[in-house]
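Enquirer:
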Amino acid sequence: GAGVSQSPSNKVTEKGKDVELRCDPISGHTALYWYRQRLGQGLEFLIYFQGNSAPDKSGLPSDRFSAERTGESVSTLTIQRTQQEDSAVYLCASSFSPVGGYTFGSGTRLTVV
Amino acid sequence: KNEVEQSPQNLTAQEGEFITINCSYSVGISALHWLQQHPGGGIVSLFMLSSGKKKHGRLIATINIQEKHSSLHITASHPRDSAVYICAALMEYGNKLVFGAGTILRVKS
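First to last, the sequence lines map onto chains C and W. Going by the numbering used here, the first residue of the first sequence is number 75, and it counts up by one from there. Going by the numbering used here, the first residue of the second sequence is number 7, and it counts up by one from there.
1) Using 8 Å as the Cβ pair cut-off and three pairs as the minimum, do the region 11-20 of chain W and the region 118-134 of chain C touch?
2) Using a C-beta to C-beta distance shorter than 7 Å, which residues of chain C count as neighbours of residue 103/W?
3) Could you compute how far the alpha carbon of residue 91/W sits from the alpha carbon of residue 107/W?
4) Give me the DSSP bridge partner(s) of residue 182/C.
5) Flag residue 62/W as yes if its beta-carbon sits less than 8 Å from any beta-carbon of chain C, otherwise no.
6) When DSSP builds the beta bridges, which residues end up paired with residue 13/W?
7) Alpha carbons only, please: which of 134/C, 92/C, 187/C, 149/C is nearest the one belonging to residue 81/C?
8) With DSSP run on the structure shown, which of helix, strand or coil describes residue 138/C?
9) Residue 39/W and residue 107/C look like a contact to me (Cβ under 8 Å); what is the Cβ gap, rounded to whole Å?
10) Within 10 Å of its beta-carbon, does residue 92/C have 16 or more other beta-carbons around it, so buried, or fewer, so exposed?
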């Protein structure tokens with residue numbers, strides 16, 4: 075596609091349930107990033123993929139968070155046993171290289187009730 | 007201390023004013039990005055800099071590698087420039103983007 079596509083755009087889930095967020099990067103972009111923006115706060119780095127491997131997972135807040143990427147394209151971010159503090163906008167960005175320009179998706183707004 | 011610091015946190019300007027937003031970083035970087043986020047909107051990449059200066063329309067971004075400092079300037083500001091402006095440093099090692107806290111800009115007509 076022309077841009078980075080994220081789905082769903084909004085997700086409301088009950089505390090304790092698992093959620094899966096999807097990111098479709100721009101075709102050919104090998105670098106893919108997940109970020110989180112909680113209400114009133116800045117952007118937090120979660121994880122970075124180069125191709126299908128994740129050289130930097132340092133931002134994942136807990137072992138309830140995991141991410142994978144297949145075929146150097148789609149990535150999914152999974153949050154298990156969601157907690158209220160997981161409520162945030164989850165953003166994905168892709169780039170043709172780590173030092174290239176980035177294109178951000180419009181985000182998934184996750185609300186845990 | 008955060009690795010990337012932005013100032014000011016909030017900025018209110020009158021239409022037509024020249025605006026400067028500053029970003030300082032304390033680590034080695036490969037590049038620095040300036041991003042824009044309109045209220046309720048997505049994030050748009052404005053500039054990526056590794057040296058010197060870039061200009062796009064009324065926006066100018068500069069970086070001084072020795073001083074570890076970058077500035078974003080807006081000339082002839084307009085209410086539609088009202089947004090959050092974020093600087094993000096691409097770490098020299100690890101290819102991780104570290105974000106500043108953002109500057110909330112409001113331009114009044």
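Built from N, CA and C at the ideal position, the CB exists for glycine as well. These numbers come from a predicted model, not from an experiment.
Expert: Here's the rundown:
1) Below 8 Å, too few C-beta pairs join the region 11-20 of chain W and the region 118-134 of chain C to call them touching: fewer than three.
2) What residue 103/W touches in chain C: 107, 119.
3) For residue 91/W and residue 107/W, the distance between alpha carbons rounds to 9 Å.
4) 164/C.
5) Judged by the 8 Å Cβ criterion, residue 62/W is not in contact with chain C.
6) Looking at the DSSP assignment, residue 13/W forms a beta bridge with 28/W.
7) Comparing Cα-Cα distances from residue 81/C to each of 134/C, 92/C, 187/C, 149/C, the minimum goes to 149/C.
8) It is coil, neither helix nor strand.
9) At roughly 12 Å, the Cβ-Cβ gap does not stay under 8 Å, so residue 39/W and residue 107/C are not in contact.
10) Flag for residue 92/C reads exposed.
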